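Note that the sequence shown covers residues -26 to -1, 1 to 294 in mature numbering (1 follows the signal peptide of the UniProt record, and there is no 0).
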Amino acid sequence: MAATVTTKLVILITAMALLLLGTTEAQLSPTFYDQTCPTALTTIRTVIRQAVSQERRMAASLIRLHFHDCFVQGCDASILLDDTPSMIGEQNAAPNINSARGYGVIHKAKTEVEKRCPGTVSCADILAVAARDASFSVGGPSWTVKLGRRDSTSASKTLAESELPHFQESLDRLISIFANKGLSTRDMVALSGSHTIGQSQCFLFRNRIYNQSNIDAGFARTRQRNCPSSGGNGNLAPLDLVTPNSFDNNYFKNLIQMKGLLETDQVLFSGGSTDNIVTEYSRNPSTFKSDFAAAMIKMGDIQPLTGLEGEIRNICGAVN
Ligand code: HEM
Ligand SMILES: *[C@@H]1O[C@H](CO)[C@@H](O)[C@H](O)[C@H]1NC(C)=O
């Protein structure tokens, strides 16, 4: 009798220990580098601040780089791997080619961190910290970044093209693409609010300004001036026409006035289920900012490599 109770107890404790191990293994922590590289965060911040003060748009580019990293095999710096003869990576995938930028700033941050703590801080964590510092540097929220991600040893062009949202997705598709990453509809709308900064190329909004009817006519005409119906594919326009260099809630106010630049922007306010979230964010900038921060933390938690998985790359562009 006593023996069976003991046996049951041992089994229970073993099961609980395994459960605990299983969950702690994948857990990131804000204090991950406190002992091993206490200067990591200030070093990254200095590089990001300097880059953004040189070019305000860089803040947008860095936030997007983290997003495009996390949606493709998790937040593992896979987007930073350059192509090699044996591996076609993500940089030349359709959503990234001639579009994703900020690689040089991340490499600079990595170089500075390596000088202080060689082989310690992952490129994936640098991307996550850079996105946070970029947000704060243009008036957006700050948040505590969880750390301890490790870097992938591979990247995939095919995966980047299947996992990242396309510029003409329907609302249902956007909702399900984000749900597949563990992000709610509300997270999706809040994260889209990062289109309050940054730029888009003409070919990505051409159909919207020439062909769509749910658009403010004056706004369409203004955008047509620098985006002809053919040619000028790379001509830029701000995603937020009012304050393209500050992180505020004008993006949502624009949507209510039918002045969203991308089809996937306006689709968030087009009579569907997200209209009420857009309205709420347009009226309440502090709700938007706190939801955005929370959603960025959730996004940063997508499938990280931890423990002994992956590696700490010596340089972000290549595996060790
Ligand atoms: C909801 C689905 C999304 C779609 C379809 C989408 C699509 C796009 C497109 C087409 C551009 C312009 C790219 C170019 O002209 O080269 C862009 C820019 C940008 N996106 Fe998104 N995006 C989405 C969500 C997000 C999310 C979740 C974030 C960040 C959390 C984000 C951050 C940005 C930023 C900051 C820019 C400006 C980049 C720069 O100026 O360098 N986007 N996006
Ligand atoms: C407008 O839509 C038509 C039909 O889908 C398409 O063939 C045409 O290229 C579009 N025009 C522009 C300027 O995008």
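Cβ coordinates follow ideal geometry from the N, Cα and C atoms, glycine included.
Note that the coordinates shown come from a computational prediction; the quantities given were computed from them, not determined experimentally.
Review point. What's the call for Gln142, buried or exposed, on a 16-neighbour Cβ count within 10 Å?
Key: Around the Cβ of Gln142, a 10 Å sphere holds fewer than 16 other Cβ atoms; the residue is exposed.
Point to revise | Cut-off 7 Å between Cβ atoms - residues of its own chain near residue 357, not counting five sequence neighbours on either side | key: Here the chain comprises residues numbered -26 to 294, so residue 357 is not present and cannot be evaluated.
Check your understanding: Based on the DSSP secondary-structure assignment, which residues constitute the bridge partners of Ala211?
Key -> DSSP lists Ser174 as partners of Ala211.
Review point. What are the complete alpha helix (DSSP H) segments, minimum 4 residues, inside the region 58 to 83?
Key: Complete alpha helix (DSSP H) runs here, min 4: none at all.
**Study point:** Check: Asn228 C-beta below 7 Å from any heavy atom of ligand 2
**Key:** Judged by the Cβ position, Asn228 fails to qualify as a neighbour of ligand 2 at the 7 Å threshold, every heavy atom of the ligand being at least this far.
**Study point:** Length at least 3, wholly inside the region 146 to 207: the beta strand (DSSP E) runs in chain order
**Key:** Correct list: 173 to 175.
Practice item. Decide if Gly205 is buried, meaning its Cβ has at least 16 other Cβ atoms within 10 Å, or exposed. Key: The residue is exposed, with fewer than 16 neighbouring Cβ atoms inside 10 Å.
**Study point:** residue 295 in three-state terms, based on DSSP
**Key:** Lying outside -26 to 294, the shown extent of the chain, residue 295 is not represented and no answer is given.
Check your understanding: Based on the DSSP output, what are the partners of Asp125 in its beta bridges?
Key -> Looking at the DSSP assignment, Asp125 forms a beta bridge with Glu285.
Exercise for review: Could you give the DSSP three-state label for Leu279: helix, strand or coil?
Suggested key: Of the three classes helix, strand and coil, the one that applies to Leu279 here is strand, per DSSP.
Review point. Where does the unbroken alpha helix (DSSP H) through Ser35 begin, and where does it stop?
Key: Annotation for Ser35: the continuous alpha helix (DSSP H) segment containing it runs Arg31 to Cys44.
Practice item. Could you please give the first and the last residue of the uninterrupted alpha helix (DSSP H) stretch that includes Pro259? Key: Start and end: Pro259 to Gly274.
Practice item. Counting only the same chain and skipping the five closest in sequence on each side, list residues whose C-beta sits under 6 Å from that of Thr159. Key: Excluding residues within five positions, the ones whose Cβ falls inside 6 Å are Ile149.
Point to revise | Tyr77 versus Thr85: straight-line alpha-carbon distance, rounded | key: Tyr77 and Thr85 have their C-alpha atoms spaced approximately 12 Å apart.
Review point. For the candidate residues Ser27, Leu55 and Gln9, whose alpha-carbon lies nearest to that of Asn294?
Key: Considering only Ser27, Leu55 and Gln9, the residue with the shortest C-alpha distance to Asn294 is Leu55.
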